[in-house]
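J.: Before I ask anything, let me first share the structure, which is written out below as structure tokens.
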Amino acid sequence: MQARGAAFLRTTAFRQTLLSAALFALASFVTLGFVYAASAGMVLRRADAAINEEVAELDASFQAGGIRTVNRYILERTVGGGADYLYLLVHPSGRSLSGNLTYLPDVQPDDEGRVQFTYRRPAAGESGNEVDDGKDDRTARGRIIDLPSGYRLYVGLDVDEETRLVSRMLNTILAASALALALGVAAGIFVSRRFVRRLDRINTVARRVKAGDLQPRAPRNFTGDELDELSENFNNMLDRVEALMHRMRHTGDSIAHDLRTPLTRMRNRLDEALREDGDRASREQALERAVADTDELLGIFNAILSLSRLEAGESRASIQRLDPADIASDLAELYEPVCEDDGLSFNSEIQSGLTLLGDRGLLSQALANILDNAVKYTPSGGAVTLRLRETGEGMIEFSVTDTGPGIPDTDRERVTQRFVRLDNSRTKPGSGLGLSLVQAIVDVHNGRFELGEGPGVVADGHGAGLRASLCFPKAPSDKA
Amino acid sequence: MRILIVEDDREAASYIRKGLRESGHVADHAGDGEEGLEMARAAEYDVLVVDRMMPRMDGLSMVEALRADDDRTPVLILSALGEVDDRVEGLKAGGDDYLVKPYAFAELLARVEALARRRDPDTVRTKLVVGDLEMDLLARTVVREGEEILLQPREFRLLEFLMKHSGQVVTRTMLLEKVWDYHFDPQTNVIDVHISRLRSKIDKPFPRSLLHTVRGAGYRLQA
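Line by line, the protein sequences give chains A and B.
Oh and the first sequence: position 404 is 403 in numbering that gives the first Met the number 0, straight run, nothing missing.
Oh and the second sequence: position 169 is 168 in numbering that gives the first Met the number 0, straight run, nothing missing.
Here you go:
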């Protein structure tokens, strides 16, 4: 638990919130400090202004009648208590003449002759018996004026209330700042706990996957926030990993199954050739067939290899801007004689002026695979059509239609999987990888591969036919 | 011909060597890139067959080193890496041809012999002649026994390639690569069909055929 707590304090989330809490507290401290400085200053300035006015009043008295008038002025205001101001008139000898203060403050005045000090308020009335409980220590502020002939006059104001208010304000500000900091930290802990807990859940999933269990998925709250997005990406990644693992396992099984047949056949032929007595010609024939079997095996291997590379996204396809019409017409030219040789009529309808981002080699290969199939499965007398056009939805579509047996609706999804071959007798040559390769190539180009019913006439004995369509997005305009 | 095989797999090397010797060539073997570079520098070879991935010095570095010495000996690179980019890389490093493993020996032999032919001073030829078959590369015309034969553009390129390599075996894969620029194997016999079309134009009307099928390997145009 201890270690967990320490680990928590090290988390980025906690540090971030701590930092922002500190910044927030500092900001509120500065703001309140500014308010404090402004209001405290104002209180004192008002007191000073009032004192200045009273000093002017006393100065006028002095001008009018000298020290006596001043003395009388002070006595008039202080006798009986309740004076607004604090006064003290001191004789050059140091004796107090009049006023409601007992002694002059022993404080050095500042540049403007102002002093601030603590005094003891005389108990009500003039009796002067002071209650020494310390509670009557009050703050005063005033000026000491040196009058001619050695008299000294103090005029001040009791600013106890004001200074108390100001200092209470200061305390409140400090307390508020401390509270803001504490609240910030608490909120930080709360928020980062939540954050860390959510991250922890994702980490737990990662650890379980690492341990070999591909089932768990990161929890999502579907708010679309960063963590939710992370979970989503993480889950998508896991889905892909799982699909690849599954496919790999399936491929492994299929390879074993599919290679066993030609390998066994080859082994038997070689065995036969060894046992064959004397007949050189038949031995040679057996060896030649064995070589042909090997070539077939190598072909399967190569197909598996390129397929794996494409599916793993490792293939460094060289995607370029190209005119799909070139690809289509090259292949039309390549396959037309092949079709004619097989008694099929071949047509091509190629739209020019389109632009596609793609790899010529891969696209040609995909199209060649489809044409291969069309030629292979369409009975003689049928027709094969290669078409390139821009579809209504603005895609570039290569399509090959034939009048062969077609592929039943239910099998169309299946045939793009590896090693799936619909003629279980496997009388036609082929690895069962051709359409998987087409699918992989189309995927690399962000395209769509669809199989549908062709234009064949079922009644003529040929079948419904097949329409294989490869759709790709158009290349964005060059000018853009 | 004298051929140097640079290949770290001894068994593969001895298989190639034996095959080349049986075809009447002299073949030496180097076990890695460094040894291969030394041997290629020490002696005159007609063709080098270089494996791409080898210990000590890989095939591409070796070929680059040779080319840096201005050694123009034709090089056939063997590699298990068969993607388009891998080929481009191999050819950029100075290789003249690129063969992906696994391959049939007939394929290797055909390519080695085709490469050796390249060494002939490459004067710009405007006319190819094989027996009584003549091709004018400027006028784009083909004439046999004084009779003009009309060919489609691709048929013309196919025949041009065959004539440039007359007397040699040319494989189906070579034709797909050099005439069509495709680096994959269509399952159907597309090349055979195109050859038979060409044959019907250049051979059928005449008493003697020039375009021969070499079993298990490919084709040969020979007078």
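Yeah, the Cβ is synthetic: ideal placement off N, Cα and C, and Gly gets one too.
Would you mind working out which of A/Val399, A/Val89, A/Leu31 and A/Ile201 sits nearest A/Met168, comparing C-alpha positions?
T.: Indexing the first sequence from 1 puts residue 168 of chain A at position 169. The candidate whose alpha carbon is nearest that of A/Met168 is A/Leu31.
J.: Below 8 angstroms, can you find three or more Cβ-Cβ pairs linking the region 137-152 of chain B to the region 184-191 of chain B?
T.: They do not touch, by the three-pair rule.
J.: Measuring only between beta-carbons, confirm whether B/His211 sits less than 7 angstroms from chain A.
T.: Reading the second sequence from its first residue, position 212 is the one you call residue 211 of chain B. No, its Cβ sits nowhere closer than 7 angstroms to a Cβ of chain A.
J.: Residues bridged to B/Leu175 by DSSP?
T.: For the purposes of this step, residue 175 of chain B is taken as residue 176 along the second sequence, with counting starting at 1. None, per the DSSP bridge assignment.
J.: Please list the residues of the region 288-313 of chain A that have a C-beta atom closer than 8 angstroms to any C-beta atom in chain B, keeping them in chain order.
T.: The residues in question are Val290, Asp294, Leu297, Gly298, Phe300, Asn301, Leu304, Ser305 and Arg308.
J.: If A/Thr16 sits next to A/Gly223, beta carbons under 8 angstroms apart, how far is it from one beta carbon to the other, in whole angstroms?
T.: Taking the first residue of the first sequence as position 1, residue 16 of chain A is located at position 17. Taking the first residue of the first sequence as position 1, residue 223 of chain A is located at position 224. The Cβ separation is near 22 angstroms, so there is no contact.
J.: Mind listing the chain A neighbours of B/His28? Cutoff is C-beta to C-beta under 7 angstroms, in chain order.
T.: Taking the first residue of the second sequence as 1, we reach residue 28 of chain B at position 29. Going along chain A, no residue has its Cβ under 7 angstroms from B/His28, so there is no contact; the nearest lies around 24 angstroms.
J.: Alpha carbon to alpha carbon, how far is A/Val240 from B/Ser165? Give it in angstroms, no decimals.
T.: Reading the second sequence from its first residue, position 166 is the one you call residue 165 of chain B. Reading the first sequence from its first residue, position 241 is the one you call residue 240 of chain A. Taking the straight line joining both Cα atoms gives about 52 angstroms.
J.: With 8 angstroms as the C-beta to C-beta threshold (strictly closer), list the residues of the region 327-357 of chain A near chain B in chain order.
T.: Under the 8 angstroms Cβ criterion, the region 327-357 of chain A contributes Asp329, Glu332, Leu333, Tyr334, Pro336, Val337 and Asp340.
J.: Does any C-beta atom of chain B lie closer than 7 angstroms to the C-beta of A/Ser317?
T.: The residue given as residue 317 of chain A occupies position 318 in the first sequence. Judged by the 7 angstroms Cβ criterion, A/Ser317 is in contact with chain B.
J.: Between the region 70-78 of chain B and the region 90-109 of chain B, are three or more C-beta pairs nearer than 8 angstroms?
T.: Yes, they touch.
J.: Can you name the start and end residues of the beta strand (DSSP E) that A/Pro472 belongs to?
T.: Within the first sequence, numbered from 1, the residue matching residue 472 of chain A stands at position 473. Run containing A/Pro472: Leu465 to Pro472, per the beta strand (DSSP E) assignment.
J.: Using a Cβ-Cβ cutoff of less than 8 angstroms, which residues in the same chain neighbour A/Arg137 once the five nearest sequence positions on both sides are dropped?
T.: Locating residue 137 of chain A in the first sequence gives position 138, where the first residue counts as 1. These residues qualify, in order along the chain: Thr117, Tyr118, Arg119, Arg120, Asp157 and Asp159.
J.: Hey, is B/Gln167's beta-carbon within less than 7 angstroms of any beta-carbon in chain C?
T.: The structure shown contains no chain C; its protein chains are A and B.
J.: Whole alpha helix (DSSP H) runs in the region 342-374 of chain A with 4 or more residues, listed along the chain?
T.: Entirely contained in the region 342-374 of chain A, not one alpha helix (DSSP H) run reaches 4 residues.
J.: Put B/Ala29 into one of helix, strand or coil per three-state DSSP.
T.: As a working mapping, residue 29 of chain B is identified with position 30 in the second sequence. Strand, per DSSP.
J.: How would you write the range of the alpha helix (DSSP H) that A/Val290 sits in, first residue to last?
T.: For this step, residue 290 of chain A is matched to residue 291 along the first sequence. Arg279 to Glu310 is the span of the alpha helix (DSSP H), which, as asked, contains A/Val290.
J.: Taking CB distances under 7 angstroms as the criterion, tell me whether A/Asp371 reaches chain B.
T.: For this step, residue 371 of chain A is matched to residue 372 along the first sequence. Yes, contact with chain B.
J.: Taking its Cβ as the centre, do 16 or more other Cβ atoms sit within 10 Å of A/Leu18, making it buried, or is it exposed?
T.: As a position in the first sequence, residue 18 of chain A is number 19, starting the count at 1. With fewer than 16 Cβ atoms within 10 Å of its Cβ, A/Leu18 is classed as exposed.
J.: Whose CA, out of B/His193, B/Ser208, B/Lys126 and B/Gly58, lies closest to the CA of B/Ala79?
T.: Taking the first residue of the second sequence as 1, we reach residue 79 of chain B at position 80. With distances taken between Cα atoms, B/Ala79 lies closest to B/Gly58.
J.: Run down chain A in chain order and give the residues with a C-beta less than 7 angstroms from the C-beta of B/Asp184.
T.: As a first step, residue 184 of chain B is located in the second sequence; it is residue number 185 there, counting from the start. Gly298, listed in chain order.
J.: With DSSP run on the structure shown, which of helix, strand or coil describes A/Ala139?
T.: Taking the first sequence and counting its residues from 1, the one referred to as residue 139 of chain A is at position 140. Reduced to three states, the DSSP call for A/Ala139 is strand.
J.: Taking the alpha carbon of A/Gly98 as the point to measure from, which residue in A/Glu111, A/Tyr72 and A/Met41 has its own alpha carbon closest?
T.: By one-based count along the first sequence, residue 98 of chain A stands at place 99. Nearest of A/Glu111, A/Tyr72 and A/Met41 to A/Gly98, Cα basis: A/Tyr72.
J.: Per the DSSP calculation, B/Leu126 is bridged to which residue(s)?
T.: Counting from 1 along the second sequence, the entry for residue 126 of chain B is found at position 127. The identity of residue 126 of chain B in the sequence shown is Lys, whereas the question assumes Leu. B/Lys126 pairs with B/Asp135.
J.: What residue from B/Leu98, B/Ile15, B/Arg9 and B/Arg66 has the CA that sits closest to B/Thr172's CA?
T.: For the purposes of this step, residue 172 of chain B is identified with residue 173 of the second sequence, where counting begins at 1. Minimum Cα distance to B/Thr172 is reached at B/Leu98.
J.: What are the partner residues of B/Leu75, as DSSP defines its beta bridges?
T.: The count along the second sequence starts at 1 and reaches residue 75 of chain B at position 76. Answer is B/Val48 and B/Asp96.
J.: Just tell me which of A/Arg14, A/Glu161 and A/Gly112 has its CA closest to the CA of A/Val42.
T.: Working through the first sequence from its first residue, we reach residue 42 of chain A at position 43. The shortest Cα separation from A/Val42 among A/Arg14, A/Glu161 and A/Gly112 belongs to A/Glu161.
J.: Who pairs with A/Ala382 in a beta bridge, going by DSSP?
T.: Position 383 of the first sequence holds residue 382 of chain A. Beta-bridge pairing links A/Ala382 to A/Ser344.
J.: In whole angstroms, what separates the C-alpha of A/Glu271 from that of A/Leu286?
T.: Here the question's residue 271 of chain A lines up with position 272 in the first sequence. Here the question's residue 286 of chain A lines up with position 287 in the first sequence. Spanning the two alpha carbons is a distance of roughly 9 angstroms.
J.: If you check the beta carbons only, do A/Gly451 and A/Gly462 fall under 7 angstroms apart?
T.: The residue labelled residue 451 of chain A in the question sits at position 452 within the first sequence. The residue labelled residue 462 of chain A in the question sits at position 463 within the first sequence. No, the Cβ-Cβ distance between A/Gly451 and A/Gly462 is not below 7 angstroms.
J.: Taking B/Val169 and B/Tyr218 to be in contact with their CB atoms under 8 angstroms, please state how far apart those CB atoms are, rounded to whole angstroms.
T.: Stepping through the second sequence from its first residue, residue 169 of chain B is reached at position 170. Stepping through the second sequence from its first residue, residue 218 of chain B is reached at position 219. Sure, about 5 angstroms apart at Cβ, within 8 angstroms.
J.: Using a Cβ cut-off of 7 angstroms (strictly closer), state whether B/Val178 contacts chain A.
T.: Within the second sequence, numbered from 1, the residue matching residue 178 of chain B stands at position 179. B/Val178 does not count as touching chain A.
J.: Contact criterion: CB-CB distance below 7 angstroms. Does B/Pro101 meet it with respect to chain A?
T.: What you label residue 101 of chain B is simply residue 102 of the second sequence in a count that begins at 1. It does: the Cβ of B/Pro101 has a partner Cβ on chain A nearer than 7 angstroms.
J.: Give the straight-line distance between the Cα atoms of A/Arg266 and B/Glu6, rounded to the nearest whole angstrom.
T.: For the purposes of this step, residue 266 of chain A is identified with residue 267 of the first sequence, where counting begins at 1. For the purposes of this step, residue 6 of chain B is identified with residue 7 of the second sequence, where counting begins at 1. Whole-angstrom Cα-Cα distance: 29 angstroms.
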